[in-house]
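Below: one structure, written as structure tokens.
Number of protein chains: 6
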Amino acid sequence: MPLVQITMLSGRTVEQKRKLAQRITDVMVEEARAQREAVVVTFQEVSKESYASGGVLIADKK
Amino acid sequence: MPLVQITMLSGRTVEQKRKLAQRITDVMVEEARAQREAVVVTFQEVSKESYASGGVLIADKK
Amino acid sequence: MPLVQITMLSGRTVEQKRKLAQRITDVMVEEARAQREAVVVTFQEVSKESYASGGVLIADKK
Amino acid sequence: MPLVQITMLSGRTVEQKRKLAQRITDVMVEEARAQREAVVVTFQEVSKESYASGGVLIADKK
Amino acid sequence: MPLVQITMLSGRTVEQKRKLAQRITDVMVEEARAQREAVVVTFQEVSKESYASGGVLIADKK
Amino acid sequence: MPLVQITMLSGRTVEQKRKLAQRITDVMVEEARAQREAVVVTFQEVSKESYASGGVLIADKK
């Protein structure tokens, strides 16, 4: 039943998201003994103007 | 004061979201005794490439 | 496949959460045409010291 | 290491988000003694059709 | 109407959360022109065993 | 910079969370080309009374 919600910068391909969903679900099954069909993975993609670390937008880092 | 955050596939109409917000707020008031004006409902819509269950993207399910 | 994540003050009974989960799932099925078994509802309960509106903790409101 | 996730109506400028990220990070450092470089701020912007309070979409309020 | 959801290690005092809620709400009003009474701030506190960076739990960092 | 937020039933051991954090971070680095030290993983653990699927609390399923 685990939910895995991933927030990351946009720009990843569908193939990357396919692999991420598959492999992270594998990990949840193997390590947390989750039922495979009950694992949900979502991607929330944000722009470089909507993500900051250390008080600085990614868009402003060089 | 409850927050109700809904993540779902994009494609619902404004009329559907209007009804969802209204009826879910009704439920929060009736069952959780929340104050109506304090209930917040948000919709985060994701594409079929950004949502997976059982390790498989919705876009890849037939 | 919708996820419904509810953040509310702690203190609701199990019976209240049972009713909330059931009725909100009904609404998702009826209005968003979600498949019943794919709707996930979670409750995150927070204390009055962990929730503020208008800049004031609920614990500090009279 | 705090994560600060902000959900707000879309329409703010990059300059507004820059200031928000900077000043909220300042507050986290000053009041919660967080390490500056470990503070992450994200913005999730939603439309007026995806945000409701009191059971009414913002798009429907006059 | 902004929601500000903060995930941080547990251990902060009520006084710290009071100040965080107050000052972050001030920032949202001043920089994002939010209405004060519509700003919601929540704290989700997690243990050192429930937070990792760089693949390592905070509990395991020295 | 990805955030990976996992909601699951409570009851996993620290060792399980250690492995989950480590392996999911590996996947984020290998498949999404994230910088290892920028990956944050959090666990939000909920009780069986705070998680429902198909409109039924996990606590009520046999």
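Chains as they are written, first to last, in my numbering: chain A, 1256 to 1317; chain B, 1256 to 1317; chain C, 1256 to 1317; chain D, 1256 to 1317; chain E, 1256 to 1317; chain F, 1256 to 1317.
Virtual Cβ for every residue (Gly too), placed ideally from N, Cα, C.
Being a predicted model, the structure only gives us computed values, none of them experimental.
Based on the DSSP secondary-structure assignment, which residues constitute the bridge partners of residue i?
i, result
"ILE1279(E)", "Beta-bridge pairing links ILE1279(E) to no other residue."
"GLU1300(A)", "MET1263(A)"
"VAL1311(F)", "SER1308(F)"
"VAL1295(D)", "SER1308(A) and LEU1258(D)"
Taking buried to mean at least 16 other C-beta atoms within 10 Å of its own C-beta, is residue i buried or exposed?
i, result
"LYS1272(E)", "buried"
"SER1265(E)", "exposed"
"ARG1291(E)", "exposed"
"ARG1288(A)", "exposed"
"THR1268(F)", "exposed"
"GLU1304(F)", "buried"
"GLU1270(B)", "exposed"
"GLU1348(E)", "Residue 1348(E) lies beyond the range of chain E shown here (1256 to 1317); nothing can be said about it."
Kindly indicate the opening and closing residues of the beta strand (DSSP E) around residue i.
i, result
"SER1308(F)", "1306 to 1308"
"MET1263(C)", "1258 to 1264"
Could you name the residues of the same chain whose beta carbon sits closer than 6 Å to that of residue i, not counting the 5 residues immediately before and after it, in chain order?
i, result
"THR1297(F)", "GLN1260"
"ALA1276(C)", "VAL1296"
"VAL1282(F)", "none"
"VAL1294(F)", "PRO1257, THR1280 and MET1283"
"GLN1299(F)", "THR1262"
"ILE1313(F)", "LYS1303 and TYR1306"
"VAL1311(F)", "none"
Can residue i be considered in contact with the ligand NAP, in the sense that its beta carbon sits closer than 6 Å to one or more heavy atoms?
i, result
"THR1297(A)", "Ligands in the displayed structure: none, and consequently the ligand NAP is not present."
What is the DSSP secondary structure of residue i, counted as helix, strand or coil?
i, result
"VAL1269(F)", "helix"
"VAL1284(D)", "helix"
"LYS1274(A)", "helix"
Closer than 7 Å by C-beta to residue i: which residues in its own chain qualify, once you throw out the five before and the five after it? Chain order, please.
i, result
"LYS1274(A)", "none"
"VAL1301(B)", "THR1262, LEU1264 and SER1265"
"LYS1316(B)", "none"
Note down, in chain order, each residue of its chain lying with its Cβ closer than 8 Å to the Cβ of residue i, except the 5 sequence neighbours on either side.
i, result
"ARG1278(C)", "none"
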